[in-house]
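Have a look at the structure below, then the notes.
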Amino acid sequence: MFSGIGVTELVLILVIALVVFGPGKLPDVGKALGKSIREFKNAEKNIIEDVTVVDEDKKSTGTKA
Numbered sequence: 014m015f016s017g018i019g020v021t022e023l024v025l026i027l028v029i030a031l032v033v034f035g036p037g038k039l040p041d042v043g044k045a046l047g048k049s050i051r052e053f054k055n056a057e058k059n060i061i062e063d064v065t066v067v068d069e070d071k072k073s074t075g076t077k078a
């Protein structure tokens with residue numbers, strides 16, 4: 014997920030987030046970010062499953078897109 018980001022960059026992002034949101038609000042921001050990422054991954058998985066089902070249906074019926 015963070016293939017192009019090193020430790021220094023992560024620390025810098027954390028410090029900037031701490032300055033912008035403050036220490037009291039940071040846990041809420043992290044929770045909201047985690048929830049958003051989880052929902053995005055679930056939506057991505059559902060789309061891939063739907064496309065796979067449609068592709069399998071086309072292969073079984075012999076129709077071409």
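Just so we're aligned, residue 14 is where the sequence shown starts under the numbering used here, counting upward by one. Just so it is clear, CB atoms sit at the ideal spot from N, CA and C, and this is done for glycine as well.
Check: Measuring CB to CB, does I26 end up less than 9 Å from I18?; Outcome: yes
Check: Report the three-state DSSP secondary structure of S16 (helix, strand or coil).; Outcome: coil
Check: What's the gap between the Cα of R51 and the Cα of T74?; Outcome: 35 Å
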